[in-house]
Amino acid sequence: MNPAIENIQGIQAAPEILLYPRIRKSPFFYASRRHGVRKYSVYNHHYHPRLYTDPVDEYWALIQGVTLWDVGVERQIEISGPDAFAFTQRLVPRDMRQCQVGQCKYVFVTAPDGGILNDPVLLRIEENRFWLSLADSDIVLWCRGLAYHSGLDVTIQEVDVAPVQVQGPRAKAVMVDLFGESVLAMPYYHLMEAELDGMSVVISRTGYSGEIGYEIYLRDASRHGEALWQRVFEAGAPHDMQVIGPCHIRRIEGGILAFGCDIWYDTNPFEVGMGYDWMVDLRGDDDFIGRAALERIKAEGVSRKLVGVEIDGPSVGYFTDGLMIDVFPVLAPGGERIGQVTSATHSPRQERNIGYAMVPLAYTELGTPLRIEANTGPQDAVVVAKPFHDPSKDIPKA
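Counting in this note's numbering, the sequence shown tops out at residue 1540, every number present.
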């Protein structure tokens, strides 16, 4: 065997998994793999644990208990310097004047044509210090290019910060055991600074689960990753904490979009139903990248939209990175291809197949019949309301 390739034993899915040195490892990689990773994907040039037991087992662990996720692949791009606010205001369509220090915002980074380049969670750490907790794309290069040509005094860098997620109905109990009762006072999509066993962390009331959840962002992560992981898992043990991968069943139920699936460079915020209110703020005369295109799209309307679909027939399985979901064409009743499913799963709780599909405007009315070329063969489908569970997001706000 090539000595530059690391062989991890004990993987249930295969006798060995080969890890290549040119793909990075998160600060929690060695700690999280001890729990029996069965599947990795590559995300932001890092190995990303996606599955430990099976998707249904991990789903129930999330919605009934408390789970720990290695999401160190969510690289933190820091925007700092005297003009950091002005640069961030130019970078995203949301109005950063509505984001106070200590708040988080879900944002799009848009291209000049209005397409979506990334959908990070933005954390305002200080008046002129922001972190972008990235989805899977090299947005740091985009930011550096914009900064170079902006004329603004701003520094763009990837910082040694990495998060873990604590998600599920028992998440609050675990966080109290770790940080005390003060963590309960933190509102949804806010953050607080804390220290744990001498480790400096930022805690945010956020997550990718649709459940009660927190993210713990560890500073100096390359040094302390092992220690933080072990400390959190030990605190979770009395609450039956389970280590899992990101639960796509739950995120599809909850209307959480996935970059690279439901949104991409050629998708604009209006097409995914997030342009008309909070995600695109056409404020005053403030300019931002993509404003002219988004103003035009808003005025002219879109020709397609992302809709919820219920798919009849046998289970389409449980969404993981191994499922090439883009091979699910959407057909009109006459048989012509009109779009594609972007995400789909079988919901154990709802006992039905659910998902999202990008289709022409003429096929977006609730109750519209469709035909899906699924992995199980042709299946009937119908356009339904989304999200499929907890549409007002009362659960994560609780």
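Backbone N, C-alpha and C define an ideal beta-carbon position, used for all residues, glycine too.
Here the structure is a predicted model, which is why all the values come from computation and not from measurement.
- prompt: When the Cα atoms are used, what is the spatial distance from L1161 to H1190?
  reply: 11 Å
query: With distances taken from CA atoms, which of D1196, H1366, I1439 is nearest A1173?
result: H1366
task: For the alpha helix (DSSP H) containing H1332, list its first residue and its last residue.
output: Run containing H1332: none; DSSP gives neither H nor E here.
query: Secondary structure at L1161, three-state DSSP: helix, strand or coil?
result: strand
- prompt: From K1447 to D1196, what distance separates their C-alpha atoms?
  reply: 32 Å
- request: Can you tell me which of F1530, P1502, G1476 puts its alpha carbon nearest to the alpha carbon of P1490?
  value: F1530
- prompt: Using the C-alpha atoms, what's the distance from R1494 back to H1188?
  reply: 33 Å
task: Could you name the residues of the same chain whose beta carbon sits closer than 6 Å to that of R1166, not counting the 5 residues immediately before and after it, in chain order?
output: H1187, H1188
- prompt: How big is the Cα-Cα spacing for S1275 and G1476?
  reply: 44 Å
- prompt: Is the beta carbon of D1212 sitting closer than 8 Å to the one on V1306?
  reply: yes
- prompt: Cβ atoms of L1204 and I1358: under 8 Å apart, would you say?
  reply: no
message: If I measure Cβ to Cβ from R1479 and keep anything under 8 Å in the same chain, skipping five residues before and after, which residues do I get?
response: P1471, V1472, L1473
- prompt: Among D1237, L1333, Y1182, E1442, which one has its Cα closest to the Cα of D1598?
  reply: Given that the chain is displayed from residue 1143 to residue 1540, the structure contains no residue 1598 and the question cannot be resolved.
P1163 classed as buried or exposed, judged by whether at least 16 other C-beta atoms fall within 10 angstroms: exposed
field: Buried versus exposed, by CB contacts within 10 Å (16 or more), G1464
entry: At G1464 the pLDDT is 46, less than 50, meaning the model places this residue with poor confidence and gives no usable figure here.
query: Does the separation of the CB atoms of G1497 and I1394 fall below 8 Å?
result: yes
Endpoints, the alpha helix (DSSP H) within which R1373 is located: 1363-1378
query: Among K1247, P1538, Y1331, T1230, which has the Cα closest to the Cα of V1296?
result: T1230
query: Residue range of the beta strand (DSSP E) that P1475 falls in?
result: Where P1475 is concerned, there is no enclosing beta strand (DSSP E), given that its DSSP letter is neither H nor E.
query: V1198 lies in the alpha helix (DSSP H); which residues open and close that run?
result: 1197-1206
DSSP beta-bridge partners of V1087: The requested residue 1087 does not occur in the structure, where the chain is confined to residues 1143 to 1540.
task: Identify which residue in I1258, G1207, P1235 has its Cα closest to the Cα of K1247.
output: P1235
- prompt: If you check the beta carbons only, do S1342 and R1392 fall under 8 Å apart?
  reply: no
message: For a test of the three-state rule: what should DSSP assign to T1510, helix, strand or coil?
response: coil
task: Grab me the residues of M1466's own chain with a C-beta within less than 6 Å of its C-beta, minus the 5 sequence neighbours each way, in chain order.
output: Low local confidence applies: a pLDDT of 45 at M1466 is under 50, so the model's placement there is unreliable, with the coordinate-based value given in what follows. Hits under 6 Å: none found.
task: Spell out the partners DSSP gives G1519 in its beta bridges.
output: A1516
message: Please list the terminal residues of the continuous alpha helix (DSSP H) segment that includes K1539.
response: 1536-1539
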